[in-house]
Every structure is written in structure tokens, then in C-alpha cells.
Amino acid sequence: MSKEFGSLRPSQLLYHFGPGSIVDMMDQSVMIMATDLWDTRYTPQEKDERIVRALGNGIDHIKLLNEKPNTVKVRAREFPKWKICPKCNMMTNYKNKYCHFCKQEGEEVELYPSRFVVACNHGHIQDFPYMEWVHKNKACTSDKPVLKLIRHGDSGSLSDLSVQCVKCKEKQSLGPIMKKGALQSIIKKCSGERPWIGDTEDCNETMETYLRGASNIYSPAVTSFLQIPLSEQNVDPLVEAVNENKKSLQKAREKGEEKLSNIMEVLDFNESDKEKIKKILDGEYDEEITYESIRKQEWNTLIQGEIDDSHHTGYKSSVVDIHQEMKPYFSSIHKIESLPEIQVLQGFTRIEYLDPFEVSEQTDLISIMKNENTNWLPGIRNNGEGIFFQFDEKKLKDWERNKEHTKFTTDTIMRYNRQRDQLGYSILPIKSRHILLHTFSHALIKELAAYSGYSTTAIKERIYCNDVMQGVLIYTASGDSEGSLGGLIEQADPDKLFPIFIRALERMMYCSSDPNCSEGQFKYHSTANGAACHSCSYVSETSCEWGNQLLDRRLLLNINPGEDVGFFNI
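The numbers in the working numbering rise by one with no breaks, and the one at position 100 of the sequence shown is 211.
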């Protein structure tokens, strides 16, 4: 007989409470089971060619949890098993909901779950070994030990908590349990437990203690795709260029590495692409799906302007007139009346966080499926609308020729990549133009929220920035119709957009933290930013894809005397 623990929204199942996560329901703590153990027989499927190809690993389709949410039945199991009575402090790992000892006294007291779990970097997780911890120095004299939590003070700190065996009176403090290596004497190696799948596997990692509700206990890997029609320009431009010059490159290659390098220089190829070019010439190159390649595909469609694919993907966009005062900065502005977004849960990590800009790292993810051959992944489809700004390439390159901006951006980019290096991520080739586009995006989000009827938390950004892309997409996305009510695209009208554009830039001129903010001279640089802070430039974490980093108001406008790096002149 199954028991219902409660209900969760589809978006929660994708982000905070996916398979392998610990969820505090109304009356107990549970772990969500593997996705292929759910009942999703009647869940609508999506087989978008581009999205399925990007996900790889034999994935054939996405099951959209929010299309018919009432048909999805999610399985969960009680976790952790250890529970404590708030009245008498007796502990139990039985499945009872109420305290057995208080019940004998005629009271019905509901138990609460243990605060601690132990886990390893490979995702294995189990209950904290209270029995072994209490009896680590001396075996219990009883074959049925019973534990009790003892509080020595009211501070709530670990040093004020102890666990005692009622039978043999052995007692151990919980003070040192969070220290690295504290459990090695009682857990020699990882148990390999996977409660969300219901099995164990061999693992030689060491296990450490964590709080049950710690954020690093479950970090979902969710990839976002705009569901847009494929354009004809989705082939890697390097592949096209190599194929066009295949004979010249083959002849040079036959004469040696030096000749190949020379012809590459003549044809304006980067030396760093040499190995990739060789694979293309040999017919061995299989285009890698990366964060950048996904953005390039989206960019190729977004810049088309007039597209009506409502009958297929649901995407619809049109070009709008640009106000005369904005023409020097933008080559085109597009109103996207219908913008579906699909978010897919590929897996999760435990203890270590995943790099959001490396799609290729999906092999390192902990599986959310019991059967590794399952050919689908869970996802949700959001409905949205947006405004796409394509920056004028010539104006942007002219701005970049003035190297003054590197005085502000070099340190910011270095700090950001230092953070990535400390986390074990690869260094990103970020340029000053990225910080410019990102800061512009935040300025527009804050101002558009005041006029569109959406809150800043409902508006998102997508930055398209490299040597061939220079644009910003500001859009809404909601699991229902709320993301496409027309309030945002209504502001794309030139006579409405220009005042918003001016006010957005003017607000970036001043900050309540000036002059500290405008000079970028904060005592402690906790984030990789220049002249940007909570008072002027930050938006909701759900809106910013770069974690409110890589921002600098000085690149938008000349806000300090003697500076000449501002892109806009108003």
C-alpha cells in the first residue's frame, strides 16, 4: 500500500527537489526516487531535433512534467531513517511516526528527522552512523542498544549535543563530527549507498558529515534551450571554411606542419584550431555540443528577424523600427512574440558544484535513472516573450580599439577566472565586450520591470557574445501563460523603448554607494565586478546567468571625471 507524502510543482522537481534530493514534507523527510521509477505513462513528450542531439547519450525525447502535471506520480522514500523525539529526546530508526516511549506514557509526540547525513563526492549518501559513533571506543553490552540525544545547553551548537546509549551508558559528543576525517575510524570507505535508486555500488571515496539541508547535498544540472526553428547556418563555420579550402590545406599538410601553419595563417585560421582542422580534413571530426555551440545555433535564428514558426516550435519574431537616437548602437531590434523555453534535468552533483558553462561535463553527473539505458529525461516547457538587441558590430569594434577599457576589465576578468580555477573549472576567454553587454542587460531588466508588468524575478537574460556574436536577449519564461501576456513586447515599440533605454542608462550614472562603487574600489572584492553593486546593478539570481558577476557601469557611460570608455553617449 502506497502512502502520499505531499505534492511538488514541476519546476521544483527540476531544480530543488529532483531525484536524489532530500525534501522536507509536512510530516517527514523523504528522498525523491529515480525518475524512471515515477509514473509518467501519460506525460507529453518533446522530440525537438536540436535539443535531443545536444543532450546525446541515447536520449530520444523529453518528458514535459508541467504539460499534464496531474498525471505525474513521483516516488519517494523516507530519508534519513533516524528520528528524534522533541520531548524525551529518545532516538529511533524504525518507521514509526510517533515516539514509542512517549506513547507508553499516554502522549502522542511526533518525531523529527535527524539533522545529519554522511555523503561522498560520487553522490553516495546514508544516515549518520549514530550507533557506530557512540560505541566507537567500546562495544555495547546489549544486543539491542537504544540511543538518546542529550542537550548540554541552549546554544544549539554541536559541542552542546551528545548521544548516549541508554543500555550501556556509553556517550559521545557530536562536536567533532563535521571535521574532515572524523568518521574514518568507523567508516573505512564509502558504503556506496544510493537510496534514490535503491542499491549500493563499490566506492573507495571517504565519507564526511553534512547537514541534511545543506545546499551542496544536491546541485541539479539543468540545461536551458530556446525552442526555436533551426536556421540554415547551424553548421560550424570552421567546418565550412575548411571544406571550401580543402585542396589547399591538404597539399600544405602533405609538405609538413610548417607549410600547414603558413597556409592557415594566409587563410586567417587560428593556430589553436590546427588539430581540429586535421580531424575535419580526415573526416573524423564530430561537432562537439558545447555551451557556445548551443548559443551559436540560437543566435543564427534570432538574427533572422521575421520568423513565424507558431505551428511547429511555437516561435514567432518580427523586426521593429529602431529609434533614431538608438541607431548608432544597434543594428537591429527584434520583438519575439512567442518564445518557448525547454529546461531539462540531466543529472546532479553532490558536494561539488557543476560548471554551468560546460555541457560536455555531463558525463561527470550522477545519474537520475535506475536503468542506465533509459532514453528520456525530465523537463518543463516555459512560455515566454522577449526583446532581442543586436549591437552594431562596427560601433562595438571601434569601442574596442580604445584600449582604455582594459584598465577596468582586466582585473575583473582575472578575478572571475581565478574563481573558476579554484573550483576546478576551465578558464573562459572573456573580453571587455562581454562585460559591456552584460551590464547593459541588467540595466534594461531593472527598467523594463517597472513598465512591463513583470517583476525582475520573472525577466531573464541571455548574452550572446564572442567574435561573431554581439547581442542580448531579454525575455520572460513561465510554466503557464503568465510569461506571454504581452507586457514585455509591448515595450519594443520605438517610442516606448527609447525612453526606457535612456532611463535605464541614466540610472546607471549614479549609485547610493558612490564614490566607492563608481571607482570600483571596494575594500573586499567578494565578486568579480568593477563599478557594480547591490544598489545599482545586481538583479535576481534567477534572472542573471552569470551570478551577478562581470558587471561594470563605467563601460556603459563615462560616470567619472576624466574617463573616456563609455560605449553610450546620452
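Beta carbons: idealized from backbone N, C-alpha and C, even for Gly.
Below 8 Å, too few C-beta pairs join the segment 187-205 and the segment 476-490 to call them touching: fewer than three.
Proximity of the segment 352-366 to the segment 386-394 meets the contact definition, three or more beta-carbon pairs being nearer than 8 Å.
Counting only runs of 3 or more residues that sit fully inside the segment 516-589, the beta strand (DSSP E) segments are 570-576, 581-587, in chain order.
With contacts defined as CB atoms closer than 7 Å, Lys-174 and Ile-308 fail to qualify as a contacting pair. Membership of Arg-492 in any alpha helix (DSSP H) is not indicated; the residue belongs instead to the beta strand (DSSP E) covering 487-493.
In this structure, the beta-carbon distance from Glu-558 to Arg-614 falls below 7 Å. Taking a C-beta distance under 7 Å as the contact criterion, His-445 and Ser-428 qualify as a contact pair. Within the same chain, Cβ atoms closer than 7 Å to the Cβ of Ser-449 are found at Ser-421, Gly-425, Tyr-426, Lys-427, Glu-496, Ser-595, the five residues on either side in sequence being excluded.
Taking C-alpha positions only, Glu-243 is separated from Leu-119 by approximately 35 Å. Partner residues in the beta bridge of Thr-311, as assigned by DSSP, are Glu-304. Per DSSP, the unbroken beta strand (DSSP E) holding Ile-143 starts and ends at 140-143. The beta carbon of Val-650 is closer than 6 Å to those of His-553, Ile-556, Thr-567 in its chain, skipping five residues each way along the sequence. Note that the segment 308-325 touches the segment 281-299; at least 3 beta-carbon pairs, one per stretch, sit closer than 8 Å.
Collapsing the DSSP output to three states places Glu-436 in coil. With a threshold of 16 other beta carbon atoms within 10 Å, Ile-585 meets it and is buried.
A straight-line Cα-Cα distance of about 14 Å links Lys-571 and Ile-600. Nearest neighbour of Leu-176 by Cα position, chosen from Val-455, Pro-256, Ser-563, turns out to be Val-455. By the CB criterion at 7 Å, Glu-452 and Leu-548 fall outside the cutoff. By the beta-carbon neighbour count (other beta carbons within 10 angstroms, threshold 16), Asp-663 is buried. Ile-236 and Ser-140 have their C-alpha atoms some 15 Å from each other.
If you look at Ala-187, you'll find it isn't in any alpha helix (DSSP H); it sits in the beta strand (DSSP E) that goes 187-189.
Annotation for Val-245: the continuous alpha helix (DSSP H) segment containing it runs 241-245. Burial state of Asn-494 is buried, judged by a 10 Å Cβ sphere holding 16 or more other Cβ atoms.
Here Asp-150 has Lys-184 as same chain residues with Cβ atoms under 6 Å from its own Cβ, once five neighbours each way along the sequence are excluded.
DSSP places Ala-352 in the helix class (H, G or I) of the three-state scheme.
Ile-339 and Glu-409 do touch by the CB rule: their CB atoms are close to 6 Å apart, below 8 Å. A contact between stretches requires three or more CB pairs, one per stretch, nearer than 8 Å, and the segment 213-227 fails this requirement with the segment 163-170.
Look at the beta carbons and you see the segment 245-257 touching the segment 275-292: at least three pairs across the two are nearer than 8 Å. Of the other Cβ atoms in all chains shown, fewer than 16 fall within 10 Å of the Cβ of Glu-436; this residue is therefore exposed.
By the neighbour-count criterion, in which 16 or more other beta carbons inside 10 Å mark a residue as buried, Pro-130 falls on the buried side. Looking only at Gln-215, Glu-157, Phe-190, the smallest Cα-Cα distance to Lys-206 is reached by Phe-190. In this structure, Gln-632 is the residue among Gln-632, Gly-458, Asn-204 with its C-alpha nearest to the C-alpha of Asp-522. In the three-state reduction of the DSSP assignment, Glu-463 falls in the coil class. The residues His-127, Gly-129, Gly-131, Ser-132, Ile-133, Phe-459, Arg-461, in chain order, have a CB closer than 8 Å to that of Tyr-329 in the same chain once the five nearest residues on each side in sequence are set aside. Distance from the Cα of Val-430 is smallest, within the candidate group Arg-161, His-423, Ile-418, for Ile-418. Ranked by Cα distance from Gly-582, the options Leu-269, Leu-371, Arg-544 are led by Arg-544.
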